[in-house]
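**Q**
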Amino acid sequence: MDLLLTFDWWVVAILAAIAGVARGLSGFGIGLIMMPIGGALLTPAFMVPVLSILDSPASVFLLAEAWKRIDKRDVLILASAAAVCMPAGIWILTYVEAGTVAVWANAVALATAVALMAGLRLRGAPSLARSLATGGLSGVLQGAAALPGPPIILGWVAAQIPSPALRANIIAYFALIDALVVPMLWISGLFTVEVLWFGASLLPLYLGGVLIGRKAFGVISEGLFRRVVLGLVILGALSGIVVVSLGGGAG
Numbered sequence: 119m120d121l122l123l124t125f126d127w128w129v130v131a132i133l134a135a136i137a138g139v140a141r142g143l144s145g146f147g148i149g150l151i152m153m154p155i156g157g158a159l160l161t162p163a164f165m166v167p168v169l170s171i172l173d174s175p176a177s178v179f180l181l182a183e184a185w186k187r188i189d190k191r192d193v194l195i196l197a198s199a200a201a202v203c204m205p206a207g208i209w210i211l212t213y214v215e216a217g218t219v220a221v222w223a224n225a226v227a228l229a230t231a232v233a234l235m236a237g238l239r240l241r242g243a244p245s246l247a248r249s250l251a252t253g254g255l256s257g258v259l260q261g262a263a264a265l266p267g268p269p270i271i272l273g274w275v276a277a278q279i280p281s282p283a284l285r286a287n288i289i290a291y292f293a294l295i296d297a298l299v300v301p302m303l304w305i306s307g308l309f310t311v312e313v314l315w316f317g318a319s320l321l322p323l324y325l326g327g328v329l330i331g332r333k334a335f336g337v338i339s340e341g342l343f344r345r346v347v348l349g350l351v352i353l354g355a356l357s358g359i360v361v362v363s364l365g366g367g368a369g
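According to the numbering used here, the sequence shown holds residues 119 to 369 in order.
The following block contains the structure:
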């Protein structure tokens, strides 16, 4: 409880409100927005379980609304692969320097997002092998840096999925990831009393942002939605690389 209402808390609280709006609008964004700076201030091992506390109730709320548009088969394949590979990411979080993981993950996400912004598209339905590889990479990044989104989201954007289905799939995928990662983090001993208090103190701000973002989704165009999605990935990747390069990546 020593961290409540400190400078670090206020910074992370502002990020939580912004991340909530992004999550409600696009279906994702909490890790991309909160982890680079939050992880630098409070360490990734502290922030990863905090993000799980914030996002679990949001996932339940958003999932009910998106249910009818979800491609359940594709989401289940990706989430199954992520579940198998997530323990490897948690091992990395515990034993490998966080800055190394963050730089590589963000660099790949940045390059891919820029390529998609420039017009890169994939043709045809994704193969099973590609889906398994994408889900596996997402699982590793979730365990190591709370950044499961870029591989999954960029793959769906490249496949030109319509925005309502894209958002619904993203929401469903993150709901499954939340259900998988919470027990793994608990077993790993990362849910300390201080983490629980810190996460609970941010919930009203985060969930309020989710409500605002959810309402905004209904009034934006398909093209703007895709630009928002790719812009979030690029912003998150750039901020992550900058923070680590400046020496802020806590291990």
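Built from N, CA and C at the ideal position, the CB exists for glycine as well. None of these values were measured; they are calculated from a predicted model.
Take L356 and list the residues in its own chain whose beta-carbon comes closer than 7 Å to its own, dropping the five residues that flank it on each side.
**A** So the qualifying residues of the chain are L228.
**Q** May I ask you to report which of helix, strand or coil DSSP gives D173?
**A** Of the three classes helix, strand and coil, the one that applies to D173 here is helix, per DSSP.
**Q** Taking 6 Å as the limit between beta carbons, can you name the residues of its chain near S245, skipping five residues before and five after?
**A** None.
**Q** Within a Cβ cutoff of 6 Å, which residues of the same chain sit near A290, ignoring the five residues on either side of it in sequence?
**A** Same-chain partners within the cutoff: I188, V193.
**Q** Can you tell me the Cβ-Cβ gap for G207 and A131, rounded? I've got them flagged as a contact below 8 Å.
**A** Not quite, the Cβ-Cβ distance comes to about 26 Å (not below 8 Å), so this is no contact.
**Q** When the Cα atoms are used, what is the spatial distance from G331 to L181?
**A** So the alpha carbons of these two residues sit roughly 14 Å apart.
**Q** Could you say which of G354, M235, V360, A276 lies nearest to L133 if we only look at CA atoms?
**A** Among G354, M235, V360, A276, the Cα nearest to that of L133 is on G354.
**Q** For F316 and V168, what's the separation of their Cα atoms in angstroms?
**A** If you take the alpha carbons of F316 and V168, they lie about 7 Å apart.
**Q** If you follow the alpha helix (DSSP H) that F146 is in, where does it begin and where does it stop?
**A** From DSSP, F146 is part of no alpha helix (DSSP H); its letter is neither H nor E.
**Q** On the DSSP letters alone, give me the boundaries of the alpha helix (DSSP H) that R191 sits inside.
**A** 190-213 is the span of the alpha helix (DSSP H), which, as asked, contains R191.
**Q** Helix, strand or coil for A368, going by three-state DSSP, please let me know.
**A** Residue confidence for A368 is low, a pLDDT of 43 falling below 50, so the modelled location carries little weight and cannot support an answer.
**Q** Considering only C-alpha positions, which residue in the set V139, E183, R344, A163 is nearest to G273?
**A** Among V139, E183, R344, A163, the Cα nearest to that of G273 belongs to R344.
**Q** Reducing DSSP to helix, strand and coil, say where T218 ends up.
**A** In the structure shown, T218 sits in a helix (DSSP, three-state: H, G or I).
**Q** Got a sec? Which residues, its chain only, sit under 6 Å from S306 by beta carbon, not counting five neighbours each side?
**A** If we look at S306 and ignore the five residues flanking it on each side, its Cβ neighbours are I208.
**Q** Would you decide whether F125 is buried or exposed? Buried here means 16 or more other CB atoms lie within 10 Å of its CB.
**A** That one is exposed.
**Q** How far does the alpha helix (DSSP H) with P301 in it reach, from first residue to last?
**A** Per DSSP, P301 belongs to the alpha helix (DSSP H) from 281-305.
**Q** Once DSSP output is grouped into helix, strand and coil, what is the label at T124?
**A** The answer is coil: DSSP assigns T124 none of H, G, I, E or B.
**Q** In whole angstroms, give me the CA-to-CA distance for L259 and S339.
**A** Distance between the alpha carbons of L259 and S339 is about 30 Å.
**Q** When you compare the CB positions of A293 and S177, do they come within less than 7 Å of one another, or not?
**A** Against a cut-off of 7 Å, the Cβ pair of S177 and A293 comes out as a contact.
**Q** Return the CA-CA distance between A368 and P154, expressed in angstroms with no decimal places.
**A** Annotation note: pLDDT 43 at A368 (below 50); position unreliable, no value reported.
**Q** Give the single residue among P268, G254, W185, A201 whose Cα lies nearest to the Cα of P301.
**A** That would be A201, whose Cα lies nearest to the Cα of P301.
**Q** What three-state label does DSSP hand S245 in the structure shown?
**A** Three-state result, S245: coil.
**Q** Does T161 come out as helix, strand or coil in the three-state DSSP assignment?
**A** Residue state, collapsed to three classes: coil.
**Q** What residues in its chain sit with their C-beta under 6 Å from that of G138, if we drop five residues either side in the sequence?
**A** Counting only Cβ-Cβ distances below 6 Å, and skipping sequence neighbours, we find Y324, G327, V328.
**Q** Applying the criterion that 16 or more other CB atoms from any shown protein chain within 10 Å of the CB defines a buried residue, is R191 buried or exposed?
**A** Exposed.
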